[in-house]
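Each step along the sequence shown adds one to the number in the numbering used here, with nothing skipped, and position 73 is 113. Here's the structure, in structure tokens; my notes come after.
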Amino acid sequence: MLFHNITYNIDINSEQDFLDWMRTVHVPKVMLTGFPKSFKILKLLTEIDNGGVTYSFQYVFDSIEGFEVFENDYLDDLNDAVDKRYRGKYVFFPSLLQEI
Numbered sequence: 041m042l043f044h045n046i047t048y049n050i051d052i053n054s055e056q057d058f059l060d061w062m063r064t065v066h067v068p069k070v071m072l073t074g075f076p077k078s079f080k081i082l083k084l085l086t087e088i089d090n091g092g093v094t095y096s097f098q099y100v101f102d103s104i105e106g107f108e109v110f111e112n113d114y115l116d117d118l119n120d121a122v123d124k125r126y127r128g129k130y131v132f133f134p135s136l137l138q139e140i
């Protein structure tokens with residue numbers, strides 16, 4: 041089982057809008073691709089004071105092949121949608137994790 045983790049640090053003034061939009065628009069679009077099997081949204085509690093709030097969005101994939109199709113066919117457009125809405129108000133970094 042694989043976890044595609046995207047960690048976002050969002051400007052505190054955009055936090056609620058970001059969460060609402062991610063929950064109602066972005067995550068449903070990710071799930072509609074049919075590749076992630078489930079997801080979780082987590083908030084980082086050990087935050088340093090940097091004017092932002094950090095969230096982790098974790099999507100579960102059954103196989104590396106499924107993730108690679110998702111990455112090649114959908115990920116750029118999904119990331120572009122976040123950037124279009126929150127440009128200059130966030131930073132992010134993705135990681136791919138394997139359950140052991």
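Think of the CB as a built atom: it goes at the ideal place given N, C-alpha and C, for glycine as much as any other residue. These numbers come from a predicted model, not from an experiment.
Nearest candidate by alpha-carbon position, reference residue i, set the options
i      : options                          : result
Thr131 : Phe43, Glu55, Leu42 and Met41    : As written in the sequence, residue 131 is Val, which differs from the Thr given in the question. Closest option to Val131, Cα to Cα, is Glu55.
Asp51  : Glu105, Gly106, Glu111 and Glu87 : Glu87
Lys83  : Asn112, Val109 and Leu59         : Leu59
Asp102 : Ile46, His66, Thr64 and Gly74    : Gly74
Ile104 : Arg63, Leu137 and Ile81          : Leu137
Phe110 : Asp57, Asn53, Val65 and Leu72    : Leu72
Between the CA atoms of residue j and residue i - distance to the nearest angstrom
i      : j      : result
Ile93  : Ser135 : Note on residue identity: the sequence assigns Val, not Ile, to residue 93. Approximately 19 Å, taken between the alpha carbons.
Tyr48  : Leu118 : 14 Å
Ile140 : Leu42  : 10 Å
Val67  : Trp61  : 9 Å
Arg63  : Gly91  : 22 Å
Burial state of residue i (16 or more Cβ within 10 Å)
i      : result
Pro76  : buried
Val70  : buried
Val122 : buried
Phe97  : buried
Phe133 : exposed
For residue i, the residue or residues it bridges with in DSSP
i      : result
Val93  : Ile50
Phe101 : Leu42
Phe132 : Tyr48
Gln56  : Beta-bridge pairing links Gln56 to no other residue.
Ile81  : Phe97
Leu137 : Phe43
Chain C contact for residue i (CB, 8 Å cutoff)
i      : result
Val122 : Among the protein chains of the structure shown there is no chain C, as only one such chain exists.
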